[in-house]
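A quick write-up on the structure given underneath.
Structure follows, in structure tokens:
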């Protein structure tokens, strides 16, 4: 059971009296042009006016500002930012960046729900542990929650170890995944900074495979080419426009308006490649939710 903020919902289906593991917390991220902080170095402000930290991280040619820590109990599938959260980020960023940021400068705003380890009475979510927790249920189900994007491999290793200890998986040799490169990864010395705009280098050792496909010289915007869309459909199981422009190519998270402009062209290629409905209209509607009025 690795269902994030919904982990308790699944647990209580089989054990209604199970003690709550998760205290969900909403975090908002605002993306602006990198000119507001023209450097490849990230910035961390250790204390804002309400005691939280603020970060500014160069990412894929843009600048990501964050974040907030707002408790949520309703668990929406697609959470949206509260106005006060965006205002907080922009006001705090104005104290440390070279120039103030207005709402018109925001290219994309996105929200995530953190599955924080459940809080005790009177404890604020910003004080909760970001470590992960493993629980073996009486019915044999193993639940994992907490953690962060940056600790996913450790979480996976600990989960597999718990499964082995419970007899759900056979014992195996010492863990290898912590050092195993992901598919397409370049040798360490050839790595490109994540501050760089998106481009062919993101395919690593698969760059040549992409370049051989039709449309390699046909740009669609934000470093994406027709060939890259074909590769996503043929090799990465992409079917919808959202699959490509949000999950395979981070256009939605970098510039929602530009992603919307690119959607129709991506849809045509996906339709030809897969024969499935690329759900272009749904993606265009999603883009509106990633922009500020």
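In the numbering used here, the protein residues as written are 2 to 294. All C-beta atoms in this analysis are idealised placements derived from N, C-alpha and C, irrespective of residue type, glycine included. All values derive from a computational prediction rather than experimental measurement.
Worksheet item: Under the three-state reduction of DSSP, which class applies to residue 202: helix, strand or coil?
Response: helix
Worksheet entry | Spatial neighbours of residue 45 in its chain, beta-carbon cut-off 7 angstroms, leaving aside the 5 residues before and after | 54 and 56
Worksheet entry | Segment contact, 8 angstroms Cβ cut-off, at least three pairs: the segment 27 to 39 with the segment 99 to 114 | Yes: at least three Cβ pairs fall under 8 angstroms.
Practice prompt. Taking 8 angstroms as the cut-off, decide whether the C-beta atoms of residue 147 and residue 160 are in contact.
Written response: no
Worksheet entry | the segment 82 to 101 / the segment 10 to 21 touching (three or more Cβ pairs under 8 angstroms) | no
Discussion item. Considering only DSSP beta bridges, list what residue 25 is partnered with.
Written reply: Residue 25 pairs with 116.
Worksheet item: DSSP on residue 85, reduced to helix/strand/coil?
Response: helix
Worksheet item: How far does the beta strand (DSSP E) with residue 254 in it reach, from first residue to last?
Response: Where residue 254 is concerned, there is no enclosing beta strand (DSSP E), although the alpha helix (DSSP H) it sits in stretches over 252 to 255.
Discussion item. Given a cut-off of 8 angstroms on the beta-carbon distance, is the pair residue 296 and residue 118 in contact?
Written reply: Only positions 2 to 294 of the chain appear in the structure, and residue 296 is not among them; the question remains open.
Worksheet entry | Where residue 152 sits in the DSSP three-state scheme | helix
Discussion item. Given this structure, state the Cα-to-Cα distance separating residue 210 from residue 137, to the nearest angstrom.
Written reply: 43 angstroms
Discussion item. Tell me which residues share the same chain as residue 156 and place their Cβ nearer than 7 angstroms to its Cβ, disregarding the 5 neighbours each side in the sequence.
Written reply: 133, 145 and 148
Item to complete: Figure out for me which residue from 250, 178, 235 and 268 has the closest Cα to the Cα of residue 202.
Response: 250
Worksheet item: Taking the C-alpha atoms as reference points, what is the distance between residue 126 and residue 75?
Response: Residue placement at residue 126 is flagged as unreliable, the pLDDT there being 46, under the threshold of 50; the coordinate-derived value follows with that caveat. When rounded, the distance between both Cα atoms is 15 angstroms.
Worksheet item: Taking C-beta to C-beta, are residue 186 and residue 205 nearer than 8 angstroms?
Response: yes
Worksheet item: Are there 16 or more other CB atoms within 10 angstroms of the CB of residue 297, so buried, or fewer, so exposed?
Response: Residue 297 falls outside the range modelled here, since the chain spans only 2 to 294, and no answer is possible.
Item to complete: Can you tell me which of the three DSSP states residue 161 falls into?
Response: helix
Worksheet item: Between residue 63 and residue 32, which are expected to be in contact by the criterion C-beta below 8 angstroms, what is the C-beta distance as a whole number of angstroms?
Response: 5 angstroms
Item to complete: Within the same chain, show all residues whose beta-carbon is closer than 6 angstroms to that of residue 65, passing over the 5 residues directly before and after it, in chain order.
Response: 30, 32 and 58
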